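For the sequence shown, this note's numbering assigns the number 1 to the initial residue and increments by one for each residue that follows.
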Amino acid sequence: MCLAAASLLPAQAATKVTTYEQAQARLTDDGYLLFIYGQGWDKRAEELTKALYNSPAVTKAAGNAVMMLVPLPESMTDAQKAQLEKTMGKLQLPHVHSKHSFPAIVMYDKNGRQYSIICGPAMVYPDATRIARVITVRRENFAKQQQILAAAAETQGEERARLLLHACRIDNIERPDRIQQLIKEADPEDKAGCLAALNFYNNPLGDKVDSTPLPDVLKEMDKAIANPLHTVQQKQNACAFAIGTIRRRTGSGGSELIRHYAEQMKALDPDSVLGRSADVVIRDWTQGLQFVRGWAPESLPIQGVPTQLQGRLPIGEAGTYKLHFKPTGGNKAIITRVALYDGDKLIAEEVRTTEIADNGQDHFYTLTAAEEVKQPRLLVTFDNAENNRDTRGKFFITKD
């Protein structure tokens, strides 16, 4: 495997030039490496970038690429613009709307197309040995992408579409040009789902999401999260979208589902930004249904979802307990089930549908524990639809 990986890269013989024109005589399949820094406005970056440019380890890692040092003034005079154009030639700086910063090492193929960029934190205090390794890995990954594209050219139909999609998923390597058109040509009806996967960001429903019932939205989000064609980032984006949708529509009433998607988001990649944010989501957005606060539109659970009653419950010794529901305003609360657990063990439940109105009547569910309950947990299932959440009330627990 080591020999196979090494064979992706040619012998090492990088060339340093000062202009695009000079580069043409020495250009190879390894393309160009441009070391770009802010001239005159970032002296520290200029020093570090020049050190990398002159590092033997970095030069070796560049392979047969042509290397150029590119000073980039902040506000250019006409003379400086002319000099930059002479240096860059047909090569383009990273697009103004792309995620880049300077200093940077920008990598181009032999046709002058940017295929990778090293910038940001990696270039703040760049160690030459570490940057050399990054360059080597990026070059290897680009070579892998070219191999995949070559294999795709030998196939057709859905298999070709899958290979083209795979070529878009190489770490830190830009997508091939015209990739959407190429996938569409290979699989016009998108039977393999590759074009949809390529374009997926966080929401498969698009503008229809706001008019779609929440359960149906979440079904589509679950499909997106389970889709093997989606990347970890795409799946995490879907989790984040689901969390936001639940929060907007149900407030803390969707705590159980918010926790569910937050835990998925973290499990997919705990060290990513979204993975780390899951703990904050769980801490701040899953307070849920509170015993001492009762229920209200902003805390009412989602229809049909068993939801734990949070707080210290006056349940312990063996006996018969009643969970009372006392309405204080709004529409009817609809209850379908109340269950008592000792930890994860079901102790008792009462399943019946009750519409609770503010009419002075005492509404309660009865639960009997044959022995002491050491870790009491009450799960309540409401059946109020998404458009019928204007209800509020209090909880009480008594023991016979």
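The beta-carbon is built from N, C-alpha and C at its ideal position, and this holds for glycine as well.
Predicted model, so just to flag it, every value in this text is computed and none were measured.
| Item | Value |
| --- | --- |
| W295 classed as buried or exposed, judged by whether at least 16 other C-beta atoms fall within 10 angstroms | buried |
| L289 burial status per 10 Å Cβ neighbour count (16 or more: buried) | buried |
| Nearest-angstrom Cα separation, counted from T320 out to R312 | 18 Å |
| Simplified DSSP assignment, three categories, for R138 | helix |
| Cα-Cα separation, N111 to K219 | 45 Å |
| Local Cβ density within 10 Å of T129, reported as buried at 16 or more and exposed below that | exposed |
| Spatially closest choice to L165 from F142, A196, E189, P56, by CA coordinates | A196 |
| Helix, strand or coil at D222 [DSSP, three-state] | helix |
| Contact belief for V338 with E350 at Cβ below 8 Å, rounded distance in angstroms | 5 Å |
| Under 8 Å between C-beta atoms of P376 and D342 | yes |
| Buried/exposed call for R139, threshold 16 Cβ in 10 Å | buried |
| Cut-off 6 Å between Cβ atoms - residues of its own chain near Y53, not counting five sequence neighbours on either side | F35, L69 |
| The stretch 390-400 in contact with the stretch 327-334 per 3-pair CB rule at 8 Å | yes |
| Where K266 falls, given that 16 or more other Cβ within 10 Å makes a residue buried | buried |
| In DSSP terms, what M107 is bridged to | L33, S116 |
| Coarse secondary structure for G304, derived from DSSP in three states | coil |
| Pairwise C-alpha distance: L323 and Y365 | 5 Å |
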